[in-house]
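> Heads up: the sequence shown begins at 1 in the working numbering, then just goes up one per residue. Every residue, glycine too, gets a C-beta built ideally from N, C-alpha and C.
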Amino acid sequence: MDKTNRRSWAEPFKIKMVEPLRIISREERERALAGAGYNTFLLRSEDVYLDLLTDSGTNAMSDRQWAGLMMGDEAYAGSRNFYHLEAKVRQHYGYKHLVPTHQGRGAEHLISRVLIKPGDVIPGNMYFTTTRLHQELAGGTFVDVIIDEAHDTESTHPFKGDVDLKKLAAVIEKHGAAKIPYISVAATVNMAGGQPISLGNLRGVRDLARKYGIKVVLDATRAMENAFFIKRSEKGNEGKTLADILLEMCSLTDACTMSAKKDLLVNIGGFLAMNDDALFEEARNLVVVYEGLHTYGGLAGRDMEAMAIGIEEALDLDYMKSRIGQVEYVGNGLIEAGIPIVRPVGGHAIFLDARKFLQHLPQDQFPAQRLAAELYLESGIRSMERGIVSAGRDKATGKHNCPKLELVRLTFPRRVYTQAHCDVLVESVIEVFRRREKIRGLKMVYEPKYLRFFQARFEPL
Ligand code: PM9
């Protein structure tokens, strides 16, 4: 993206309705943070100024999507909105069958239950919290086969989401194809910094999988954002549309799980989609146990309509340029100020490198958790820890998983914040960086059993 020419990414939409924001005083923020146990997930939204916790379900819908809500067919069975969504998923993702779910983890739950047996191994391009947990709950073990560059915050490899095909082949050789129900491929890779996987690499994964008769399951949550990076940086794809690339990506896989709360510009929704009839049969049966009837999967008809409309809107190139352009605008501002962030700037978020930012804090004092808390204290900006807390504990030893990446994620809701908000963000991070040496670590005082980052509590040391 040309950073000197903002017309290259100016938004192809204008604001029709606004939601007031207020910033509470520093003293109030201190009280709110202590009350939340230094965990930004436990803050009240009303105490937050800029909410960069997540891009999940925090998107602004368009006037067309809001109009679509009014066209919700709330029949228990066979809603017309389901058939609209099914047609759009077939058209743009290319899979034969659709099973709607209330959100992404609903789809992850179903596919893990259907495909994974105790003792199985699931290789993938870096773990994601909910995805790995569902694999583990089904008795499987996730094995990371992403390229080494993904663990290096300074590597500027354009496709840090790529699978290391040698590592993948070694995992298959070691465990045997019969123990590998599928290869789990995310596009983009959230925990690596929103980094894309290339089409060429995905083809390599498919070829290897086919050789051994193993399925490939795509986490398509941000696959449209991934398609933009392929169009921009992978030779031979410049002339394709985002829709062409998305379809091509999906055609290299057997099924996908989807959190529609990201790419699809909605506030709730997800799905599982696949080509295999037998897999569909089982998932369609299980969805009624855990989510709802197979034509609504825990969603209202109106939600499915908004998703169907969102699919078309998110594939618009001008929209996607503005989406990625906004994130890069902030990233470039931080890089110019010498702030350590994951390079290159990813699709949905900027990731601060908390190891380098707070060099004096060891990982067991939770530097990323502390940095997220500090940014909130500075200016009411809410971000998310993506380091040792998110990584949880080793299933076998019970010890902390200590990931190489100790990051704070500043995530951009789609079509929500303005360029002035982005400037406030850059200034606030610079301010915290200036006084970084005075910042102390944290100790964990409460740890829940599952996905601890959501509810853990901390106290300052
Ligand atoms: N991602 C995120 O903030 C929301 C909750 S986890 C902190 O990034 C991928 C790549 C995701 C994802 C959610 C899910 C689960 C699956 N895959 O949140 O259940 O980024 O809709 O999707 C979150 P749901």
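According to DSSP, is residue 367 part of a helix, a strand, or is it coil?
Residue 367 falls in the helix class under three-state DSSP.
> Within its chain, find whatever has a CB closer than 8 Å to the CB of residue 76; leave out the 5 residues flanking it on each side and keep chain order.
Correct list, in chain order: 293, 296.
> Can you give me the Cβ contacts of residue 417 inside the same chain, cut-off strictly under 7 Å, excluding the 5 residues immediately before and after it?
Closer than 7 Å at Cβ, skipping near neighbours: 50.
> With DSSP as the reference, identify every bridge partner of residue 464, one or two as the case may be.
This structure leaves residue 464 out entirely; the chain is present only between 1 and 461.
> Determine the direct distance from the alpha carbon of residue 118 to that of residue 422, and round the result to whole angstroms.
Rounded to whole angstroms, residue 422 to residue 118 spans 46 Å at the Cα level.
> Any idea if residue 385 is buried or exposed, counting beta-carbon neighbours within 10 angstroms, 16 or more meaning buried?
The residue in question, residue 385, is buried, as its Cβ has 16 or more Cβ neighbours within 10 Å.
> Can you pull the DSSP bridge partners for residue 255?
Answer is 217, 274, bridged to residue 255.
> Would you say the beta carbon of residue 105 comes nearer than 7 Å to a heavy atom of the ligand PM9?
The answer is yes for residue 105.
> Any heavy atom of the ligand PM9 closer than 7 Å to the Cβ of residue 467?
Since the first and last residues shown for the chain are 1 and 461, residue 467 lies out of range.
> By alpha-carbon positions, which one of 242, 169, 446, 414 ends up nearest to residue 267?
If we check each option's Cα against that of residue 267, 414 comes out closest.
> According to DSSP, residue 443 sits in a beta bridge with which residue or residues?
In the DSSP output, where bridge partners are listed per residue, residue 443 has 459.
> Can you give me the C-alpha to C-alpha distance between residue 82 and residue 349, rounded to a whole angstrom?
If you take the alpha carbons of residue 82 and residue 349, they lie about 31 Å apart.
> Which one or two residues does DSSP pair with residue 147 in a beta bridge?
BP columns for residue 147 are empty, so no partner.
> What separation, rounded to the nearest whole angstrom, lies between the Cα atoms of residue 452 and residue 199?
Using only the alpha carbons, I get a separation of about 34 Å.
> Thinking just about the alpha-carbon of each residue, which of 288, 344, 368, 337 is nearest to the one in residue 150?
It is 344 whose Cα lies nearest to the Cα of residue 150.
> How far does the beta strand (DSSP E) with residue 390 in it extend, from its first residue to its last?
Not the beta strand (DSSP E): residue 390 falls in the alpha helix (DSSP H), residues 388-391.
> Indicate, with yes or no, if the ligand PM9 has a heavy atom lying under 7 Å from the CB of residue 219.
Yes, since a heavy atom of the ligand PM9 falls inside the 7 Å radius drawn around the Cβ of residue 219.
> Excluding the five sequence neighbours on either side, which residues of its own chain have a C-beta within less than 6 Å of the C-beta of residue 88, listed in chain order?
Only 308, 311 meet the Cβ criterion.
> Tell me which same chain residues have a C-beta within less than 6 Å of the C-beta of residue 147, skipping the five on either side of it?
Correct list, in chain order: 162, 164.
> CB of residue 190 to nearest heavy atom of the ligand PM9: below 7 Å?
For the ligand PM9, at least one heavy atom lies less than 7 Å from the Cβ of residue 190.
> Are the segment 323-330 and the segment 374-388 in contact at 8 Å, needing three or more beta carbon pairs?
No, they do not touch.
> Is any heavy atom in the ligand PM9 found nearer than 7 Å to the beta carbon of residue 261?
Checking the Cβ of residue 261 against the ligand PM9 gives yes.
> Is DSSP giving residue 249 helix, strand or coil here?
Here residue 249 sits in helix by DSSP.
> Would you mind sorting residue 271 into buried or exposed? The rule is 16 or more other CB atoms within 10 Å of its CB.
It counts as buried.
> Which residue wins for smallest C-alpha separation from residue 432, given the options 218, 374, 450, 406?
Closest by alpha carbon: 374.
> Does residue 17 pass the burial test, meaning 16 or more other C-beta atoms within 10 Å, or should it be called exposed?
By the 10 Å Cβ count, residue 17 comes out exposed.
> Going by C-alpha distance, which of 253, 229, 128 is nearest residue 216?
For the residues 253, 229, 128, the minimum Cα distance to residue 216 belongs to 253.
> Thinking C-beta only, is residue 264 closer than 8 Å to residue 314?
Taking 8 Å as the Cβ cut-off, residue 314 and residue 264 qualify as a contacting pair.
> Enumerate, from N- to C-terminal direction, the unbroken alpha helix (DSSP H) stretches of 4 or more residues contained entirely within the segment 89-157.
For the segment 89-157, whole alpha helix (DSSP H) runs of length 4 or above, ordered along the chain, are 104-115, 129-137.
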